[in-house]
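Protein chains in written order, with UniProt numbering: chain A, 1 to 202; chain B, 1 to 202; chain C, 1 to 202; chain D, 1 to 202.
Yeah, the Cβ is synthetic: ideal placement off N, Cα and C, and Gly gets one too.
Computed from a prediction, not measured in an experiment: that's the story for all the values here.
Below is one structure, written out as structure tokens, with a few remarks after it.
Protein chains: 4
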Amino acid sequence: MKKKDLTKKQKILDATVEIIIRDGSAAISTTKVAKKVGISQSNIYLYFKDKRALLDGVYLREIARLEQTPEMKIVLNPDEDIRIRCFTYLKSMYDFSLQNPHSLYVLEQIKLLSKGAPDYLSHLVGSNNPIEELFNAGIKAGVLRKIDRRLTMTVIFSVIEKHTENLQNGVYTESDVPFETVSQMIWAALAIVPYPKDLLSK
Amino acid sequence: MKKKDLTKKQKILDATVEIIIRDGSAAISTTKVAKKVGISQSNIYLYFKDKRALLDGVYLREIARLEQTPEMKIVLNPDEDIRIRCFTYLKSMYDFSLQNPHSLYVLEQIKLLSKGAPDYLSHLVGSNNPIEELFNAGIKAGVLRKIDRRLTMTVIFSVIEKHTENLQNGVYTESDVPFETVSQMIWAALAIVPYPKDLLSK
Amino acid sequence: MKKKDLTKKQKILDATVEIIIRDGSAAISTTKVAKKVGISQSNIYLYFKDKRALLDGVYLREIARLEQTPEMKIVLNPDEDIRIRCFTYLKSMYDFSLQNPHSLYVLEQIKLLSKGAPDYLSHLVGSNNPIEELFNAGIKAGVLRKIDRRLTMTVIFSVIEKHTENLQNGVYTESDVPFETVSQMIWAALAIVPYPKDLLSK
Amino acid sequence: MKKKDLTKKQKILDATVEIIIRDGSAAISTTKVAKKVGISQSNIYLYFKDKRALLDGVYLREIARLEQTPEMKIVLNPDEDIRIRCFTYLKSMYDFSLQNPHSLYVLEQIKLLSKGAPDYLSHLVGSNNPIEELFNAGIKAGVLRKIDRRLTMTVIFSVIEKHTENLQNGVYTESDVPFETVSQMIWAALAIVPYPKDLLSK
DNA sequence: TATGAATGAGCTTTCATTCAT
DNA sequence: GATGAATGAAAGCTCATTCAT
């Protein structure tokens with residue numbers, strides 16, 4: 001029973017994501033989601049209090065995935081070398097995005113719908129998230145550029161997302177533009193120490 | 001009023017932009033726009049054939065503004081020093097965004113909303129835009145990183161947009177994070193020659 | 001009400017028919033139909049996927065009625081005498097129309113309105129309808145005029161419809177112009193054997 | 001000047017007819033008509049007081065055409081042989097319809113729209129039309145079936161219209177189903193004297 | 001004569017949500 | 001837990017008509 005319910009909730013989220021990917025978040029409707037899952041429209045309201053909650057559900061699940069890559073153990077370990085932590089974070093986000101090519105896009109799309117909603121981002125992804133500590137440590141250690149964390153994050157995610165999109169669209173292939181190329185670009189933007197080539201052998 | 005009021009079209013576009021800024025592009029409806037302008041809803045269809053055309057109108061106007069900054073003369077002049085051209089482009093976009101704090105955001109919003117629309121960007125902003133030549137020249141001259149133009153553009157616009165947003169939200173002030181700081185970060189991402197400090201005194 | 005009210009669909013169809021009778025098929029709107037039934041307008045879309053489907057619904061129901069008169073057993077029985085079959089068909093359509101004075105009119109109205117719709121009639125009322133066989137048999141047996149079935153059908157239905165309309169409008173009464181008079185006229189048009197007076201005593 | 005005006009009115013009527021033929025009368029709108037003619041929408045209101053008048057205009061013009069075939073002189077001549085008058089009328093309508101394959105259809109379509117309008121037909125085509133006299137004379141002379149004129153007319157027009165439609169749709173060709181075949185059918189329905197084969201040589 | 005501008009009312013359709021079963 | 005029925009609100013869009021120029 002419990003399992004069945006859990007699956008259903010996931011199925012609903014999955015369907016919602018599919019719609020976002022295909023038609024954009026503006027196209028989401030409980031009707032369409034229900035049809036895709038194969039349940040009745042009103043059934044959705046048993047799992048999500050309203051549409052907003054459904055959107056939140058998608059958002060939070062995607063964020064959670066992003067924050068639960070196995071490399072996060074290294075990234076969030078304060079005892080690890082900071083250069084390694086930063087680079088691993090970068091690599092981890094990169095790998096994640098290539099493996100989940102729509103994840104960042106979905107997050108972006110939901111943000112699109114959430115402008116009107118009150119306190120959306122801050123409420124969901126509190127400023128006290130663990131990544132903040134990483135950036136602070138990086139700056140203190142003289143590895144990262146001394147600049148607002150939001151800007152650094154922007155570079156990382158916008159470039160990775162666009163790169164993923166380019167790969168999806170066949171603009172170029174992964175061997176044309178490999179990780180090293182992309183990460184060099186990003187690293188140059190956020191760090192003030194040389195690109196850690198030695199860490200490349202993963 | 002006999003003559004088609006030229007201002008009216010602009011007023012409609014303005015109202016649309018206001019809605020995007022306040023509630024996001026997904027919240028646009030002809031009803032709301034009309035109410036804001038103070039005209040009847042059907043009147044909008046006298047100036048824009050449909051909602052898509054309205055969105056296009058907003059997008060194109062914003063793009064046009066962006067491409068018509070005075071510095072563009074320098075940027076697009078093939079005889080000018082390429083380092084100067086690139087840096088001027090950066091500065092020009094930066095200045096524009098600070099003076100039009102919602103412009104990039106509006107463009108982003110419409111782009112995101114238009115995922116469903118067929119061939120949107122390519123149809124509106126042809127790939128043969130003049131900036132492409134700038135990037136190609138920059139790469140050939142060994143100034144810019146040899147990487148897909150889309151990635152470079154992404155860094156420039158996403159960082160400037162986020163920076164502008166931060167300023168708007170009072171996250172920090174312009175004297176906390178001045179142009180030099182931001183541009184250094186961006187420049188590091190896109191160029192492989194040192195940051196052109198000498199050009200700063202504009 | 002839990003179960004989908006079967007009557008409701010019929011009620012909607014009834015209301016639509018009423019509107020056609022009063023104002024013509026061009027005057028149909030979901031708004032008017034809903035108001036007549038006493039339901040909310042959007043409710044209609046629970047029973048008919050769109051307006052087209054509503055019109056189809058009316059058409060098909062009327063056609064079905066027409067094809068399910070008790071005499072059809074005789075008409076469609078290939079072993080029955082062909083003269084009897086043809087005459088019974090005529091009488092059957094006549095009786096039906098007098099008992100359902102708006103049926104043919106409604107069919108006519110929907111057909112006319114549907115000129116824009118693609119493949120309308122052929123899609124709904126396949127050319128392989130059982131009446132076709134009747135006409136072919138009639139021709140082969142030397143009873144019916146050797147002429148395209150559509151023309152024959154036209155005579156039957158247009159005359160009966162107009163006759164019914166005349167009765168409705170009080171142009172004349174049924175005893176002024178009885179079945180025999182009308183059927184003689186029609187029979188003369190479609191058959192090449194004498195009018196089967198012997199069959200009149202039904 | 002005067003000529004120009006006359007032409008314009010005709011152009012508007014022509015455009016309206018074209019729309020009816022292509023999409024049916026329900027698709028008529030001043031917008032579409034104006035666009036087809038190449039004039040402004042409001043200009044139509046200079047020639048027709050409202051939409052109803054436009055429809056009437058189309059209807060009346062078509063009826064007038066129908067009643068002004070050259071053979072009408074014979075048909076309406078009380079001194080002519082009544083058998084000749086009736087047959088000529090039949091032939092005249094037949095020829096007219098083949099030469100103006102959409103005329104009867106257009107009339108039918110406009111009637112479709114006019115159900116709601118008060119007293120439409122009677123107001124436009126007064127019952128005191130000259131054809132009435134023809135039928136009365138025919139009946140009195142023992143040529144025509146003693147039956148309501150409306151039924152007779154129905155046979156004539158419905159068969160001719162369907163026949164024309166069949167030809168238009170390529171159901172059969174004119175040599176497959178020539179005038180003689182069709183007129184024999186109609187004649188049988190309306191007359192009680194033998195088909196006037198002798199009059200066939202036109 | 002001709003037109004552009006404007007509008008209110010109407011249309012079809014979709015949506016989020018609620019409720020009884 | 002699940003569904004069918006229902007609805008009010010809103011959406012995008014078209015239309016017939018009027019009016020000032």
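Whole angstroms are fine: how far does the CA of residue j sit from the CA of residue i?
i: threonine 30 (chain A); j: glutamate 18 (chain A); result: 13 Å
i: arginine 150 (chain A); j: leucine 167 (chain B); result: 12 Å
i: arginine 65 (chain D); j: glutamate 62 (chain B); result: 58 Å
i: isoleucine 74 (chain C); j: isoleucine 39 (chain D); result: 60 Å
i: isoleucine 131 (chain A); j: leucine 76 (chain A); result: 7 Å
i: proline 101 (chain B); j: tyrosine 47 (chain B); result: 26 Å
i: valine 143 (chain A); j: isoleucine 192 (chain A); result: 6 Å
i: valine 182 (chain B); j: glutamine 109 (chain B); result: 23 Å
i: leucine 54 (chain A); j: aspartate 198 (chain A); result: 44 Å
i: threonine 69 (chain A); j: threonine 88 (chain A); result: 11 Å
i: alanine 99 (chain B); j: isoleucine 160 (chain B); result: Looking at the sequence shown, residue 99 (chain B) is not alanine but glutamine. Taking the straight line joining both Cα atoms gives about 12 Å.
i: glutamate 174 (chain B); j: arginine 52 (chain A); result: 35 Å
i: isoleucine 156 (chain D); j: methionine 93 (chain D); result: 8 Å
i: leucine 60 (chain A); j: asparagine 129 (chain B); result: 38 Å
i: proline 194 (chain B); j: isoleucine 12 (chain B); result: 45 Å
i: serine 201 (chain D); j: phenylalanine 135 (chain D); result: 24 Å
i: isoleucine 139 (chain C); j: proline 196 (chain C); result: 16 Å
i: isoleucine 28 (chain A); j: isoleucine 20 (chain A); result: 7 Å
i: isoleucine 176 (chain D); j: histidine 163 (chain D); result: Note that residue 176 (chain D) is aspartate in the sequence shown here, rather than isoleucine. Their backbone Cα atoms lie some 12 Å apart in a straight line.
i: glutamate 67 (chain D); j: glycine 170 (chain C); result: 28 Å
i: threonine 7 (chain C); j: aspartate 56 (chain C); result: 18 Å
i: methionine 72 (chain C); j: phenylalanine 96 (chain C); result: 11 Å
i: phenylalanine 179 (chain A); j: proline 178 (chain B); result: 31 Å
i: serine 103 (chain C); j: arginine 22 (chain C); result: 13 Å
State the beta-bridge partners of residue i as determined by DSSP.
i: leucine 200 (chain A); result: DSSP output for leucine 200 (chain A) lists no bridge partner at all.
i: alanine 191 (chain B); result: B:Leu144
Rounded to whole angstroms, how far is the Cβ of residue i from the Cβ of residue j, which I believe are closer than 8 Å?
i: leucine 112 (chain A); j: leucine 113 (chain B); result: 7 Å
i: valine 33 (chain B); j: isoleucine 44 (chain B); result: 6 Å
i: threonine 154 (chain D); j: serine 158 (chain C); result: 5 Å
i: isoleucine 82 (chain C); j: alanine 26 (chain C); result: 41 Å between Cβ atoms; not a contact.
i: methionine 185 (chain C); j: arginine 85 (chain D); result: Between arginine 85 (chain D) and methionine 185 (chain C) the Cβ distance is about 20 Å, and since that is not below 8 Å, they are no contact.
i: alanine 15 (chain A); j: lysine 36 (chain A); result: 4 Å
i: tyrosine 105 (chain A); j: aspartate 148 (chain B); result: In fact, because the Cβ distance is near 18 Å, the residues do not count as touching under 8 Å.
i: alanine 141 (chain B); j: alanine 188 (chain A); result: Not really, about 18 Å apart at Cβ, beyond 8 Å.
i: lysine 115 (chain B); j: glycine 24 (chain A); result: 4 Å
For the segment 86-112 of chain C, which residues have a beta carbon sitting closer than 8 Å to at least one beta carbon of chain D?
-> Gln109, Leu112
When Cβ atoms are compared, which residues of the segment 131-158 of chain B fall closer than 7 Å to chain A?
-> Arg145, Ile147, Asp148, Arg150, Leu151, Thr154, Val155, Ser158
With a cut-off of 8 Å, do at least 3 Cβ pairs link the segment 77-85 of chain B to the segment 40-48 of chain B?
-> no
What residues in the segment 22-41 of chain C have a beta carbon less than 9 Å from any beta carbon of chain D?
-> Arg22, Asp23, Gly24, Ser25, Ala26, Ala27
Which residues, taken in chain order from the segment 156-183 of chain D, show a beta carbon closer than 9 Å to some beta carbon of chain C?
-> Phe157, Ser158, Val159, Glu161, Lys162, His163, Glu165, Asn166, Val171, Tyr172, Asp176, Val177, Thr181, Val182
If contact means a Cβ-Cβ distance below 8 Å, which residues of the segment 187-201 of chain B contact chain A?
-> Ala188, Ala189, Leu190
Determine which residues of the segment 37-69 of chain A have a Cβ less than 9 Å from any Cβ of chain B, and write them out in chain order.
-> none
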